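Numbering (this note's numbering), first residue to last: 116 to 1083.
For every residue, glycine included, the Cβ atom is placed at its ideal position computed from N, Cα and C.
This one's a predicted model, so the numbers in the text were calculated from it and none came from an experiment.
Worksheet: one structure, shown below.
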């Protein structure tokens, strides 16, 4: 038998899981592990309804409200389903969308309907479970995703930002030809804007952001929804065709805008009819009724011997489960012990609770299934907690302080708030004192406190006043959510503020900015000191900068500048120093929002004020003055004003060499920044070898800081390595350049994954630089991949309409065009060339000569590409327009290096005229090209080749004319 006749090899893997163990295996993707457990798991989503037996429904009517049981037919959301359906079918490989609304509005039901529709159309449907959801503890091997994948992520706003972004970057999502990720959340505040841009390798486009409105807005719509639910519940309860009860009297009220409230009203009306009870009419009464029925069920189980736990203890176990969510059996028993459950063995209580509330997936090996739906569970928590005024539901004194007992540290508390060892860098296991369900418990407690003031006043705020670090351990989303509670407790928020890390934490930054806004507004109301008010605005501006909220930062810094400008006689020298610094801060924030010229004017004013104060004898803070000089220099350099930038960056470098003698890491980092900035200015002026020692020194210093202070200098070392790669490339060290670019890109990718709002711009810069380095090494496919990733990010950034983002997108679109042309794929290149031309045309028309040469170069490139796809008629006017611009540039600066660009343009234009048989025009163009070539110093680069090309082209045109060719 020959080798060709051998049967194909088949590989198999067998995994044996002992009872109580868990297995997670994926194909074509990554498994992210933390603390020995997967950070998340994906598993097949089963859209099949889970029928509730009539007997079970009569014992626990609330089970009929769970979305996964699909008791009430899907209705009233057809328009929303159509939006999601169109998104699913759109072109594009990968896309993410968000559905958000308050509890009880039907988010989960809508997602399940989309999943069922998608499965019928041949899509693979999976769901992602975070490690805090112990359904991710079973044996899971989702298999191959097929050609089209829909991934559902419920409670997305409760996922740590790190972990959610890790999921979205998993190569698993790149396997299908089409992948759609639907996030489901209660809110879209802060965390969603920070996620909306394409993230590194994730390659996800942004689909619709769908905020669900009321299921039924009119009285008639609400009547219809009520009757649909009534009919479905009647069947589920085995009631045949009972008389339709009157709709609630206040059906037009705000409470009935929530779909769940309508369903609860219909369910309670039927169940009370069956039991010949009086149905409550208000929303709280509906919850109270259903919770009473739960209590009746606990009692019946106890009475008939199916559960030994008495109802009083079961109520407390249910309370605990609402806070913790599902847990493995041992952890569940420990949680009950921690919260102070007395009256029986914790293990027995856990088992009895599982009788009352069976796990949704028995194979997952978890217990303490919480009460559903979430809104009813929150009402249970609130009604069990002393302090409400709802008659008919007696609170349990045990519930007072229950969350605090549950979340108490597992060991002695750490040092006082603010101590550096309190905090960890993301991606590491939680500190020993943080229980694993801290995030879940705080999320539930915060959501409950939004609707139940007594929970905020008696439970949440006292807990955070005593142990504010819990909010930080709960994550940035919890910190932000605290600011949205109506009865805000300022001392608690101030205590939380003191627990925020001293150093910038990119995951907490959005929440810290929200916290800073609330506290700043409060402090401004109390202060009549202009200096203090200015400082408050400056501090908030800094928080907003750290969160990537540049527009909001502009407002803060502008207020600070306005206050300081209006001080009598400018205020004391200390205040004028602060004004100089605030001008620089405002200028930098404005620059980042695209307002370059006014930004540079503000930064220049700040530097000038620093100089005036120094001249008058005021001792300047070297750090602030050097920062102002450096920022102004870099802004000028990026605007193409290198000669103006050099003295500022040189002076900033001299100042920082003095401060670096302190050996403080901050001083060392500032010196590295000035070295890098000065090197870049030299590089831009064409002095590449002079620039190299400065950028190399900067990269080495930042690398040492990066290693000795993990997490603090990630952004800085990424920028420095990117710049080093650029200069090494220009000085002929291509391998060294590529290595530096790869290292820079890896760090920037991680930063963007953790906080895309703040770092996506940096990531795009580094991807673009890496693409160039790869292209110079003839690694064209890799270059294309990096360039396309940069293009995706810059496309999202350019949506703000600012000139810098438009310019950056044009650069990357033009480079993608170049790489595709190198790969001999001109048809694919043309759309990117057109995009670059369109963007640069807008910049040229707005700002004139500043962009003219660049615009002309891209016109020539597009003309060449159109010629390559046999469309010379479309290419000809582009080449003509480019020639006009380049002639104007050369006239304005006769020694301009753009004469070489004009030569290239004329040759391309002449070739297009030949293709169109415009022989007279072709002769004029090639003759002009010969004249331009003759004026080049030493004939320019490749002089012999150019000379031969021009001679041959001119001879061909003359032969055509002499042969009788006619102009077309």
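With contacts defined as CB atoms closer than 9 Å, residue 404 and residue 377 fail to qualify as a contacting pair. A direct Cα-to-Cα measurement between residue 645 and residue 657 gives close to 18 Å.
Close CB contacts of residue 837 within its chain, under the 6 Å cut and outside five residues either way in sequence, are with 859, 881, 884 (chain order). Taken through DSSP and simplified to helix, strand or coil, residue 323 comes out as strand.
Annotation: the continuous alpha helix (DSSP H) that includes residue 228 extends over 222-235.
With a 10 Å radius around the Cβ and a threshold of 16 neighbouring Cβ atoms, residue 1063 comes out exposed. Per DSSP, residue 630 lies in no beta strand (DSSP E); the unbroken alpha helix (DSSP H) holding it starts and ends at 624-641. In the same chain as residue 398, and ignoring 5 residues on each side of it, the C-beta atoms closer than 6 Å to its own belong to 370, 376, in chain order. The C-beta distance from residue 745 to residue 792 rounds to 5 Å, short enough to fall under 8 Å. Looking at the DSSP output, residue 453 shares a beta bridge with no other residue. Sequence-distant partners of residue 624 (beyond 5 residues in either direction) whose C-beta falls short of 8 Å from its own C-beta, in its chain, are 591, 658, 661, 662, 663, 870, 873. Residue 919 sits close to residue 711, with the two beta carbons spaced by under 9 Å.
Shown here, residue 779 sits in coil according to DSSP, grouped into three states, outside any helix or strand. About 6 Å separates the beta carbons of residue 951 and residue 932, which is inside the 8 Å limit, making them a contact pair. Here residue 470 is exposed. Its C-beta has fewer than 16 other C-beta atoms within 10 Å. Residues of the same chain with a CB within less than 7 Å of the CB of residue 970, apart from the 5 flanking positions on each side, are 955, 956, 959, 1000 in chain order.
Straight-line measurement puts the Cα of residue 427 at about 26 Å from the Cα of residue 577. In the assembly as shown, residue 643 is an exposed residue. Its beta-carbon has fewer than 16 other beta-carbons within 10 Å.
When secondary structure is reduced to three states using DSSP, residue 671 falls in the helix class. Taking one beta carbon from each stretch, the segment 201-209 and the segment 279-294 have 3 or more pairs nearer than 8 Å; the two touch. Taking C-beta atoms under 8 Å as the contact rule, residue 994 and residue 1024 qualify, at a distance of about 4 Å.
With 16 or more neighbouring CB atoms inside 10 Å of its own CB, residue 979 falls in the buried class. When 752, 191, 594 are compared, the shortest CA-CA separation from residue 343 is found for 191.
Straight-line measurement puts the Cα of residue 976 at about 14 Å from the Cα of residue 1015.
Of the candidates 561, 753, 737, 753 places its Cα closest to the Cα of residue 923. Within the segment 388-472, no run of beta strand (DSSP E) at least 3 residues long lies entirely inside it. Remark: C-beta atoms of residue 911 and residue 921 do not approach each other more closely than 9 Å.
In the DSSP assignment, residue 688 falls outside any beta strand (DSSP E) and within the unbroken alpha helix (DSSP H) covering 688-707. Judged by their CB atoms, residue 353 and residue 172 are nearer to each other than the 9 Å cut-off. Below 8 Å, enough C-beta pairs join the segment 563-574 and the segment 499-511 to call them touching: three or more. Excluding residues up to 5 positions away in sequence, 984 lie with their Cβ nearer than 7 Å to the Cβ of residue 942 in the same chain. Nearest in C-alpha terms to residue 713, of all of 322, 804, 751, is 751. Look at the beta carbons and you see the segment 820-831 not touching the segment 805-812: under three pairs across the two are nearer than 8 Å. In the three-state reduction of the DSSP assignment, residue 504 falls in the coil class. Annotated as proximal: residue 245 and residue 154, with beta-carbon spacing under 9 Å. Taken through DSSP and simplified to helix, strand or coil, residue 155 comes out as strand.
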